[in-house]
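With the working numbering as the guide, the letters of the sequence shown map in order to residues 5 to 821. Beta carbons: idealized from backbone N, C-alpha and C, even for Gly. Following: one structure in structure tokens, then a few remarks.
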Amino acid sequence: MIVRIFGMLFTAAFIVGVCVAAGIGYFLWTMSEDLPDYEVLADYEPPVMTRIHAADGRLLAEYARERRLYLPIESIPEHVVKAVMAAEDKNFYKHSGIDVTGIVRAVVVYVRSGGTVVQGASTITQQVAKNFLLTNERTINRKVREALLSLRIERSFEKDEILELYLNEIYLGLGSYGVAAASLVYFDKSVHELTIGEAAYFAALPKAPNNYHPFRYPERAIERRNWVLDRMIENGYITAEVGEAAKSEAIQVTPRQVGSHIFAADYFAEEVRREISDRYGSKALYDGGLSVRTTLDPNLQRLAHKALRSGLEEFDRQEGWRGPVGSIEFGDDWGVVLNEVEALDDIAPWRMGVVLSVTDEAATVGLRPENLPSGGLSPERETVNVPLENLEWARWAEGDRRGRAISKPSDVINVGEVAYFTPDPDGDNDWSLRQIPKVSGALVAMDPHTGRVKALVGGFSYDESEFNRATQARRQPGSSFKPIVYAAALDNGYTPSSVVMDAPITIDQGGGLGTWTPQNYTKKFYGPSSLRRGIEQSRNVMTVRLARDMGMPLVAEYAKRFGVYDELLPVLSMSLGAGETTVLRLTAAYSIMANGGRKIEPTLIDRVQDRYGRTVFKHDPRICEACNADWQQQAEPPLIDGRARILDGYTAYQITSMMEGVVERGTAKVLQKLERPIAGKTGTTNDYKDAWFIGYSTDLAVGIYVGFDNPRSMGRSSTGGGLAAPIFAEFMEAALQDVPAVPFRVPDGVNLVPINVSTGLRSSGSGNGIILEAFKPGTGPPEDYSIIGFENDLGRGLSGGGAEANSAVISGTGGLY
5 MIVRIFGMLF TAAFIVGVCV AAGIGYFLWT MSEDLPDYEV LADYEPPVMT RIHAADGRLL
65 AEYARERRLY LPIESIPEHV VKAVMAAEDK NFYKHSGIDV TGIVRAVVVY VRSGGTVVQG
125 ASTITQQVAK NFLLTNERTI NRKVREALLS LRIERSFEKD EILELYLNEI YLGLGSYGVA
185 AASLVYFDKS VHELTIGEAA YFAALPKAPN NYHPFRYPER AIERRNWVLD RMIENGYITA
245 EVGEAAKSEA IQVTPRQVGS HIFAADYFAE EVRREISDRY GSKALYDGGL SVRTTLDPNL
305 QRLAHKALRS GLEEFDRQEG WRGPVGSIEF GDDWGVVLNE VEALDDIAPW RMGVVLSVTD
365 EAATVGLRPE NLPSGGLSPE RETVNVPLEN LEWARWAEGD RRGRAISKPS DVINVGEVAY
425 FTPDPDGDND WSLRQIPKVS GALVAMDPHT GRVKALVGGF SYDESEFNRA TQARRQPGSS
485 FKPIVYAAAL DNGYTPSSVV MDAPITIDQG GGLGTWTPQN YTKKFYGPSS LRRGIEQSRN
545 VMTVRLARDM GMPLVAEYAK RFGVYDELLP VLSMSLGAGE TTVLRLTAAY SIMANGGRKI
605 EPTLIDRVQD RYGRTVFKHD PRICEACNAD WQQQAEPPLI DGRARILDGY TAYQITSMME
665 GVVERGTAKV LQKLERPIAG KTGTTNDYKD AWFIGYSTDL AVGIYVGFDN PRSMGRSSTG
725 GGLAAPIFAE FMEAALQDVP AVPFRVPDGV NLVPINVSTG LRSSGSGNGI ILEAFKPGTG
785 PPEDYSIIGF ENDLGRGLSG GGAEANSAVI SGTGGLY
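Next comes the structure, spelled out in structure tokens:
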């Protein structure tokens with residue numbers, strides 16, 4: 005009887021067990037039936053930040069939706085790996101995907117605590133399965149699917165491969181994913197430079213980064229970090245002495261800056277960002293892990309930024325003081341109130357300040373406190389002295405006090421008013437008043453041989469306006485377009501000694517537009533003059549006659565070849581720069597003349613590599629078939645330069661020589677102080693709305709534009725020679741300080757003939773007014789030649805708009821003005 009009862013119980017237990025096992029099996033089968041394909045992990049490409057570097061390798065900018073740098077497991081330091089294992093899964097290298105011991109321990113803790121303490125039991129493999137293939141929902145089904153996936157992942161991947169995925173994927177707060185990116189974001193250092201304490205802090209973050217925020221909850225952060233260090237000691241990863249030393253360290257978080265990492269390079273970085281986005285798409289930019297090597301020279305960028313700002317500020321000071329940024333009311337702590345006033349962050353060493361007190365001799369100013377990484381303010385309150393002499397420039401630009409001399413500080417600023425100030429260069433506590441200029445401009449510096457843009461400044465402050473005036477502003481270049489007209493002439497049979505009549509001319513514009521009578525800047529006319537004299541003195545009427553003689557379709561064709569305009573309207577006014585272009589395009593056009601006539605494509609990017617280091621773009625198109633990394637003292641291999649020739653090499657030298665005359669005898673004499681060969685041309689538009697100077701030395705081309713964003717007159721003295729050329733001079737003086745003065749390269753075969761610079765005729769003498777003029781092989785100044793635009797009545801007014809010009813033959817070697 006007892007045996008029968010036990011038999012029945014056994015049978016029932018067996019049947020129940022089979023049913024339970026079948027139920028569990030069915031449940032597991034249903035859970036595994038639609039599991040994600042874990043094999044995709046083998047081809048996983050996580051979103052990785054794109055990093056942009058200057059030409060010297062310095063980091064310029066980073067772009068990412070998830071700030072992540074992917075590192076192979078071999079490149080992650082052992083103490084970082086050990087810290088993560090101690091905190092997350094100490095048995096990682098022992099279990100098969102599920103840590104049964106950990107699960108049992110978690111259950112025991114849960115039961116003993118009466119359900120109040122929940123201890124995690126997920127392995128690193130399970131977290132990989134959840135993070136990559138599943139959702140974060142807290143359900144039994146998800147946990148089962150996670151466990152099943154973990155077992156499969158462990159059978160298909162090596163332990164190091166799983167750990168590599170985890171260490172590069174985990175979110176560690178402050179927008180960073182993976183230990184490599186977090187190392188940069190939190191501590192601004194490479195992961196290899198992390199201390200034991202810093203690695204332990206990272207290991208404390210995966211569960212809940214916000215709970216251990218270094219600024220909001222510093223006590224919690226230190227407590228959790230120390231807990232990780234204890235686990236590392238307990239597991240034998242570090243000694244007790246090392247662990248205790250790490251515990252004594254503060255968590256010194258220094259968040260990495262956002263935006264440009266090189267001072268004054270924001271416009272450059274943003275232009276590169278736009279180009280990468282246009283070329284490869286926003287997904288590649290923010291997720292693709294591209295490595296971009298740019299053409300930026302940080303030193304030249306700093307000098308360009310300083311020179312342009314200095315020029316804009318100098319012009320603005322002459323316009324007068326427009327008043328403070330605003331005013332505030334403050335109590336005992338003016339720093340807190342002042343910090344609420346929006347300030348520009350990219351105009352150092354300028355600082356915003358509030359006037360605290362004023363006497364007859366000086367004003368006391370409190371400077372805006374520095375922001376701390378924690379989001380708070382520096383506790384220090386810094387005050388400076390602004391003496392009367394540093395305020396005397398600030399005569400009011402408008403109102404009933406306009407133009408009055410400043411006799412005391414209160415004539416300019418009063419208590420509670422907010423403005424910008426900058427320290428005096430002598431290093432004492434005296435500061436000067438400043439104001440943000442309303443006038444703006446741009447500067448571009450490039451290598452004329454390759455088109456590599458070494459510096460680019462698109463305005464006074466990127467913080468104030470992101471509009472890039474170097475690449476986005478289309479403005480009239482005025483006379484700085486004339487070298488294109490003269491180069492077209494020299495390339496088509498004219499010489500520097502060709503003579504054009506400088507006399508009144510009236511053009512019928514057709515189409516009911518009436519007549520147009522161009523004028524020279526001086527409102528005078530100078531009779532027959534050589535092409536050289538015409539460009540040196542920037543003669544408008546001569547340029548119009550020359551363009552009329554050649555035909556504007558030819559000028560328009562050369563403007564297109566040079567890349568100044570896509571399609572230039574073939575009307576005579578365009579020969580004086582009435583069309584609109586950008587500083588970058590015009591600087592590139594001058595670079596073609598500087599490099600001997602070869603076409604260049606201006607670029608801010610040298611090379612782009614994908615996340616695996618493969619080059620997907622390079623700017624330099626030249627071919628080197630014999631290049632070999634294994635150098636055995638062989639001769640330098642030749643480079644095949646397949647770039648198109650835009651201008652004859654002799655023509656390029658001729659126009660360069662003529663633009664040297666602009667500096668030596670013409671409208672840019674301010675550049676003579678550079679005491680080195682410089683070629684260039686000034687440009688000023690109608691009503692003085694735009695001021696330009698584009699010029700170059702043998703190996704550096706620079707373009708500068710100054711004007712108001714909403715075009716209006718800057719005043720009669722605001723010419724290219726008076727406003728833009730001094731900025732060029734300041735930049736070039738600093739940029740070429742340690743560069744030898746090298747003459748422009750004279751092509752073989754050029755005939756250098758002494759001529760009179762005023763007449764363009766051959767001269768047998770020497771001295772003032774006699775120069776060596778460049779003529780192409782087989783040519784020279786003729787004894788008899790035509791004067792373009794000459795009439796029988798000697799030009800009392802040339803009417804009509806035909807393409808044919810009147811001319812007369814002049815004989816002899818003198819008689820021209």
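Residues near residue i by beta carbon distance below 7 Å, same chain, minus five either side
{"i": "Ile-242", "result": "Ile-200 and Met-236"}
{"i": "Ser-79", "result": "none"}
{"i": "Phe-566", "result": "Ile-488, Ala-593, Ile-596 and Ile-650"}
Short Cβ contact (7 Å threshold) for residue i with residue j
{"i": "Ala-370", "j": "Gly-357", "result": "Before going on, a small fix: residue 370 reads as Gly here, not Ala. Yes, these two residues count as a Cβ contact at 7 Å."}
{"i": "Thr-607", "j": "Thr-475", "result": "no"}
{"i": "Ala-459", "j": "Leu-704", "result": "no"}
{"i": "Ile-56", "j": "Val-296", "result": "yes"}
{"i": "Gly-670", "j": "Gly-684", "result": "no"}
{"i": "Lys-603", "j": "Arg-647", "result": "yes"}
{"i": "Arg-67", "j": "Tyr-271", "result": "Correcting the residue type first, residue 67 is Tyr in the shown sequence and not Arg. No; because the gap between Cβ atoms is not below 7 Å, this pair is not in contact."}
{"i": "Leu-395", "j": "Pro-413", "result": "yes"}
{"i": "Tyr-190", "j": "Ala-446", "result": "no"}
{"i": "Leu-176", "j": "Leu-198", "result": "no"}
{"i": "Ala-739", "j": "Leu-307", "result": "yes"}
{"i": "Ser-100", "j": "Glu-158", "result": "yes"}
{"i": "Gly-665", "j": "Glu-540", "result": "yes"}
{"i": "Val-132", "j": "Tyr-170", "result": "yes"}
{"i": "Phe-425", "j": "Arg-321", "result": "no"}
{"i": "Ile-77", "j": "Leu-188", "result": "no"}
{"i": "Ala-90", "j": "Val-232", "result": "yes"}
{"i": "Ala-598", "j": "Pro-452", "result": "yes"}
{"i": "Glu-421", "j": "Val-359", "result": "yes"}
{"i": "Lys-392", "j": "Thr-54", "result": "Lys is not the amino acid found at residue 392; the sequence shown has Leu there. Contact: no."}
Residue environment, residue i, which counts as buried when at least 16 other CB atoms sit within 10 Å
{"i": "Leu-643", "result": "exposed"}
{"i": "Tyr-530", "result": "buried"}
{"i": "Arg-313", "result": "buried"}
{"i": "Pro-353", "result": "exposed"}
{"i": "Ser-180", "result": "buried"}
{"i": "His-309", "result": "buried"}
{"i": "Tyr-216", "result": "buried"}
{"i": "Val-568", "result": "buried"}
{"i": "Asn-690", "result": "exposed"}
{"i": "Ser-768", "result": "exposed"}
{"i": "Leu-798", "result": "With a pLDDT of 39 at Leu-798, under the threshold of 50, the modelled position of this residue cannot be trusted, and the question is left open."}
{"i": "Glu-374", "result": "exposed"}
{"i": "Arg-549", "result": "buried"}
{"i": "Glu-344", "result": "exposed"}
{"i": "Asp-164", "result": "exposed"}
{"i": "Asp-495", "result": "buried"}
Close-in-space but distant-in-sequence residues of the same chain around residue i (CB under 8 Å, 5 per side omitted)
{"i": "Asn-544", "result": "Ser-483, Pro-522, Gln-523, Asn-524, Tyr-525 and Leu-580"}
{"i": "Ala-560", "result": "Tyr-569, Glu-571, Leu-572, Leu-573, Pro-574 and Met-578"}
Contacting residues, own chain, Cβ-Cβ under 6 Å from residue i (five flanking each side not counted)
{"i": "Ser-502", "result": "Leu-535"}
{"i": "Arg-680", "result": "Ala-745"}
{"i": "Ala-185", "result": "Arg-71, Arg-72 and Leu-73"}
{"i": "Leu-588", "result": "Val-448, Ala-474, Thr-475 and Pro-606"}
{"i": "Asn-389", "result": "Ala-366, Asn-433 and Asp-434"}
{"i": "Asp-93", "result": "Thr-127 and Ile-128"}
{"i": "Gly-182", "result": "Arg-72 and Asn-172"}
* **Given 8 Å, three or more beta-carbon pairs between the stretch 772-780 and the stretch 757-764** => yes
* To do: Please specify which runs of the alpha helix (DSSP H), each continuous and at least 4 residues long, are wholly inside the stretch 554-597, giving them in chain order.
  => 556-565
* On the three-pair Cβ rule with 8 Å, is the stretch 278-286 touching the stretch 430-445? -> no
* How do the stretch 79-93 and the stretch 187-207 stand: do at least 3 beta-carbon pairs fall below 8 Å, yes or no? -> yes
* Asked: Between the stretch 512-520 and the stretch 716-725, do at least 3 Cβ pairs fall closer than 8 Å?
  -> no
* Where in the stretch 40-102 do unbroken runs of the alpha helix (DSSP H), each at least 4 residues long, occur, reported from the N-terminal end onward? -> 82-92
* Continuous alpha helix (DSSP H) assignments of at least 4 residues falling wholly in the stretch 466-547 -> 486-494 and 535-540
* Asked: When the Cβ atoms of the stretch 687-697 are set against those of the stretch 726-739, are three or more pairs found closer than 8 Å?
  -> yes
* Note down, one range per segment and in chain order, each alpha helix (DSSP H) of at least 4 residues found wholly within the stretch 220-307. => 222-238, 244-251, 270-284 and 286-291
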